[in-house]
Each structure stands twice: as structure tokens, then as C-alpha cells.
Amino acid sequence: MTLGFMLWAIWGFILGGALHPIQSVFPLFVVMYGIFMALGEMGPGVSTFLCAAESFPTPLRGHFLGFAAAVGKAGASIGTEVFTPIQNSFDTTAKGQQAVFLIASAFTVVGGLIAWFLIPDMSRELEDEDARFKAYLEENGYDVSHYGEALQVDRKSGH
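What follows is the structure, encoded as C-alpha cells:
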């Protein structure tokens, strides 16, 4: 995740710093912007959901995947509301676009640092995490007799 954030930031700084010459050669801009978007998916795009899935036991994973998705949607909404006025505050649209690229790239550096220092190493097996969670539930009096099992319902009798 950190590598993706940092590569995304570097590419964003390149695009932001040389936006006007790059935009004048349209095929170059399309390729460079495509790489920029791919780096975003390589790092935080996919890893956000992977971190949410691997950080919690099976019964809770879906909730935290939903939370991660909600935070992503909120970030997109906030970004739209914040970056549009920033872009419009410049004399020309080109300068505004350049500023938005550079500011957003600075935020990706912050994201990379957060990923490096705050996201735990998830080298453990998910089955081990599930076993520890099941033991915790048993110790605290929860019924785990159907833990992890899909229940078969007889459609004719409803049982």
C-alpha cells in the first residue's frame, strides 16, 4: 500500500509539475494519466479493502469492508467539494488544475506515511485469527456451536 501511495505521489508531482507541456501532446497525457490512475488502484485502491478484510475476524469483516467503502465515498465527496473551489481560485483553469494535482499528490504522501507507520503487518494466517476470535467468544459465554457453518434450510418444511 505504501509503495502504491508513494509511486502515485511521485507520478502526480510529475504530472502536476509538467501539466501544460504534457497536455499539449494529447496521447502523452492520456498514457501518463492512465498510469497515474493505475498507480492509484495498485496502492490505496485495492489495499484499502484488503486491509479491512485481513484486520478483522470473519464475522466482522463485512462490517469493516462496508466501513472502508463508506470512508472512500465520503473522501470522494469531500474532495470534490474542496478541490473545485481551490481550482476555481486561480487565474486560469490550467493553473488551477496544476495546483490540484500538486496538492492531491502531497496528500498521497501523507497517506503513504500513514500506511507505513499505522497499518499493522498482516503476515498472520486468517484462519489463526478466526480461531483466536472463536476462543474469545467461547471464553465470554457466546454460543459458537454454529460458528462459521452455513445452515441448510429445508425449503419444503421451512426448517
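All letters in the sequence shown, in the order written, are residues 161 to 319 by our numbering. All residues carry an ideal CB built from backbone N, CA and C; glycine is no exception. Nothing here was measured: the structure is a model prediction, and the numbers come from that model.
query                                                                                                                                               : result
Along the chain, where does the alpha helix (DSSP H) containing V242 start, and where does it finish?                                               : 218 to 248
Tell me which residue opens and which closes the alpha helix (DSSP H) that A291 is part of.                                                         : 286 to 299
Figure out for me which residue from Q183, F293, G200, G222 has the closest Cα to the Cα of S265.                                                   : G200
Taking the C-alpha atoms as reference points, what is the distance between W276 and G205?                                                           : 16 Å
My output table needs one value for H306: the three-state DSSP class, helix, strand or coil.                                                        : coil
Flag this pair as yes or no: are the beta carbons of I182 and F173 separated by less than 8 Å?                                                      : no
Measuring only the C-alpha atoms, how far is I246 from S237?                                                                                        : 15 Å
Tell me, to the nearest whole angstrom, how far the beta carbon of G203 is from that of G239; I am working on the premise that it is less than 8 Å. : About 16 Å; that fails the 8 Å criterion.
Expressed to the nearest angstrom, what Euclidean distance is found between the alpha-carbon atoms of T253 and L262?                                : 14 Å
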